[in-house]
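Please read the structure below before turning to the comments.
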DNA sequence: TAGTGGTCTAGACCACTAT
DNA sequence: TAGTGGTCTAGACCACTAA
C-alpha cells in the first residue's frame, strides 16, 4: 500500500561520476534534495496527501527516502517557499489549500483605496460548454475546438459591481461543473476547484492593460461606455506547470486599485 | 579599522531563558542567523561593501561573528532570496547592483506583446527642485513642503512614446541631481542613484489603475485625449524600509502589457 | 510527555573559478 | 592548487502543540 517507493537517487553516484564516464552527454544529475522535492511533489499531485491534510513528518520522510532529515528539510523549505505546503511548528507540515484567508489574497490583488479588503458578492451570469476559441485553446495547451466550460460573472464590493470576468476551463477536467454548483458554493472559486475537481491552482501569470469599456460591460459596471477599465488576463497553472484556467477580467478602478509588490 | 565589531548575540542566552526570567515581557529574542543577517545588512547599508563588490567569504564571516558557517549560510541565503546579494559558485558572494540586465526587469514590468524586451529611449522633459506636495510628502515620510527633486520624462520603445512618468525624490539625498547628469547618464536610472548618490532601491510597491488620458499626456503619447492609460504609482524603498522615491507613470498599453507573476 | 518543526554546530565532500 | 559556494550528514538542543 503505502510502502516505500523505489528510489532512483544518485546517492552513491555523485555528480562527478557523470563527468568521468560520459562527459558532454551527462544525464543532468540533480542534488538529492531536489529529487526528494520532486518525489514529494508527485505525492501532492497524485493526491496521496490532499489539500489541508498533514504530510508525514520530516523524520518519517527521511527514513522513507533513506536520506538525512536535513535533506528532507531543504526540500520542504523550497516547497513552503512556493506555497505548495505550509509548515506549523509543533504540529507538522500541511498541504496548502485555497480554503484559507492567506491564499485568497495571493490571487485577488484588487484592493479598496481605503479600508480593509472585503469579501466579494458573486453573481454568476452564464455557465456553458463550448468549443475553445483559438486563442484560449493555445493558452490552455489544447486543440482549437476542444470542449471548454465558459463562465461569466460579476463581482461586487460593498454592493458596487466592480469586476466583470470571463473564465475558460478545460471541459475534461471540470466536467460536471454547473451554474447551480457555482451559485450554491460559498467561498473562493479556487477552493471549489480544489475540493470538487481535484485541481489546485499553484501559480498564475497576468497581463494587465488599460482598455475602454464596451457597451455591455459598461452597463454591468454602471459606467459610461468608453470608461477606462483595467484588463487583467490570467492563465493559471497547476502541478507540472500545466495551464488549467484562462480568466479575463475587467476591473473598475475608481475606488479600488491593483496592488503589486516588486521585490 | 575593519576589526571585529562588538557582537551582542544571545548565543549563550537561549530564548528559553526569557521565559524563565521575565515571562510576558520577553525582549523578543531572534534566531542567531537573523542577527547575523541584520549585521550583514548593516554593512551593506553603511557602504562597507558597495554594489557589485565581493563580500567576505562565508568562512571569514563565520570567524568574524563567532558562529558556524552553516549559520552564516542561512543568513546569506535569505539575503540572496531578497535580492540584496548574489551568490556565484567558486567566486563568492557579491552585493547586488542595478547595473545588470537581471535587475532591470524586476522594476520594469511593461513588456511588448510580441518580441523581446527592448531598451527604452529616455527623454527628460523637466528637472526641478520644489516643495513636496502633501501626498508625496506622506509617501516619502517627509514633512509637507520639504524639498524634493521633481523629474518628468517620456520613455519610448522602438521610437514610439509609451511611458510618461513623474518622479519625486528627497532633496537631501539627491542633492546635486541635475538634468544634464540625467541626460548624459547611460543605463538604468536606479544605477545612477546607486553609484552617484549611494542609495539603492531594494523593493517597491505599486498601485495600478486604468485612467483616461489628460490632454497634455495624450499629446506626449500621440493618442486622443480620454484614451485609456495604465496608471502605475510606485513607492520605492531602500534599506530599512525607508521610502526614497515616488513615481507616477502613465503607460500606453496598446502594444505593451504589464506582466505580473502570481506565485 | 511525546512528537513536531526550528535552530545551531562540526565536519565531510563536491563543483566551480581563478592562479 | 587553493579558495569559494553547494550539498549532505549526524547529532544536539529548543519552541511549540496536543494528549
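Chains as they are written, first to last, in the UniProt record's numbering: chain Y, 1 to 263; chain R, 1 to 263.
In this text, a Cβ means the ideal position worked out from N, Cα and C, and glycines have one as well.
All of these numbers come straight from a predicted model, not from anything done at the bench.
{"query": "Proximity test, Cβ basis, 9 Å: residue 217 of chain R and chain Y", "result": "no"}
{"query": "Near-chain R residues of the region 194-214 of chain Y (beta-carbon distance less than 7 Å), N- to C-terminal order", "result": "203, 204, 205, 206, 207, 208, 209, 210, 211, 212"}
{"query": "Distance between residue 179 of chain Y and residue 130 of chain R (C-alpha atoms, nearest Å)", "result": "57 Å"}
{"query": "Given 8 Å, three or more beta-carbon pairs between the region 227-245 of chain R and the region 197-215 of chain R", "result": "yes"}
{"query": "Beta-carbon proximity check, residue 44 of chain Y vs residue 251 of chain Y, cutoff 9 Å", "result": "no"}
{"query": "Member of Y:101, Y:140, Y:62 whose CA lies at the smallest distance from the CA of residue 204 of chain Y", "result": "Y:140"}
{"query": "Contact between the region 56-67 of chain R and the region 147-163 of chain R (3+ Cβ pairs under 8 Å)", "result": "no"}
{"query": "Residue 46 of chain R, enclosing alpha helix (DSSP H) - first and last residue", "result": "32-46"}
{"query": "Collapsed DSSP secondary structure at residue 22 of chain R in the structure displayed", "result": "Any reading at residue 22 of chain R must be qualified, since the residue scores a pLDDT of 31, below 50, and its modelled position is unreliable; the value itself is stated next. Residue state, collapsed to three classes: coil."}
{"query": "Other residues of its chain near residue 220 of chain R: CB distance less than 7 Å, five sequence neighbours each side excluded", "result": "154, 161, 164"}
{"query": "Stretch-stretch touch, CB-based, cutoff 8 Å, three pairs: the region 234-249 of chain R with the region 194-202 of chain R", "result": "yes"}
{"query": "Burial state of residue 191 of chain R, where buried means 16 or more other Cβ atoms lie within 10 Å", "result": "buried"}
{"query": "Alpha-carbon to alpha-carbon, residue 181 of chain Y and residue 197 of chain Y", "result": "12 Å"}
{"query": "Inter-stretch contact at 8 Å, needing at least 3 Cβ pairs: the region 45-56 of chain Y / the region 77-96 of chain Y", "result": "yes"}
{"query": "Identity of the residues DSSP links to residue 249 of chain R by a beta bridge", "result": "R:165, R:232"}
{"query": "Three-state secondary structure assigned by DSSP to residue 11 of chain R", "result": "Unreliable placement is indicated for residue 11 of chain R, whose pLDDT of 46 sits below 50; the coordinate value is still reported in the next sentence. The answer is coil: DSSP assigns residue 11 of chain R none of H, G, I, E or B."}
{"query": "DSSP state of residue 292 of chain R mapped onto helix, strand, coil", "result": "Nothing can be reported for residue 292 of chain R: it is not among the residues displayed for chain R, which extend from 1 to 263."}
{"query": "Short CB-CB distance (under 9 Å) between residue 227 of chain Y and chain R", "result": "yes"}
{"query": "Any chain Y beta carbon closer than 9 Å to residue 68 of chain R", "result": "no"}
{"query": "Spatial neighbours of residue 240 of chain Y in its chain, beta-carbon cut-off 8 Å, leaving aside the 5 residues before and after", "result": "45"}
{"query": "Backbone secondary structure at residue 89 of chain R - three-state DSSP", "result": "coil"}
{"query": "Residue burial classification, residue 89 of chain Y (beta-carbon count within 10 angstroms, cutoff 16)", "result": "exposed"}
{"query": "Interface partners of residue 29 of chain R on chain Y, CB under 7 Å", "result": "Residues of chain Y passing the Cβ test: none, with the nearest at roughly 15 Å."}
{"query": "Pair within 9 Å by beta-carbon distance, residue 120 of chain R and residue 157 of chain R", "result": "yes"}
{"query": "Per-residue burial, residue 101 of chain R [other beta carbons within 10 Å of its own, 16 or more giving buried]", "result": "exposed"}
{"query": "Counted within 10 angstroms of its Cβ, other Cβ atoms place residue 68 of chain R as buried (16 or more) or exposed", "result": "exposed"}
{"query": "Beta-carbon proximity check, residue 107 of chain R vs residue 236 of chain R, cutoff 9 Å", "result": "yes"}
{"query": "Cβ neighbours of residue 166 of chain Y in the same chain (closer than 6 Å, five flanking residues each side left out)", "result": "152, 248"}
{"query": "Nearest-angstrom Cβ-Cβ length linking residue 55 of chain R and residue 85 of chain R, presumed shorter than 8 Å", "result": "7 Å"}
{"query": "Contact belief for residue 206 of chain R with residue 172 of chain Y at Cβ below 8 Å, rounded distance in angstroms", "result": "With a Cβ gap of about 37 Å, residue 206 of chain R and residue 172 of chain Y do not count as contacting."}
{"query": "Residue 100 of chain Y: first and last residue of the uninterrupted beta strand (DSSP E) it sits in", "result": "No beta strand (DSSP E) holds residue 100 of chain Y; DSSP gives it neither H nor E."}
{"query": "Rounded straight-line distance, which links the Cα of residue 174 of chain Y to that of residue 32 of chain R", "result": "49 Å"}
{"query": "Residue 262 of chain Y (DSSP reduced to helix, strand or coil)", "result": "strand"}
{"query": "Helix, strand or coil at residue 129 of chain R according to DSSP, with G and I counted as helix", "result": "strand"}
{"query": "DSSP beta-bridge partners of residue 206 of chain Y", "result": "Y:234, R:260"}
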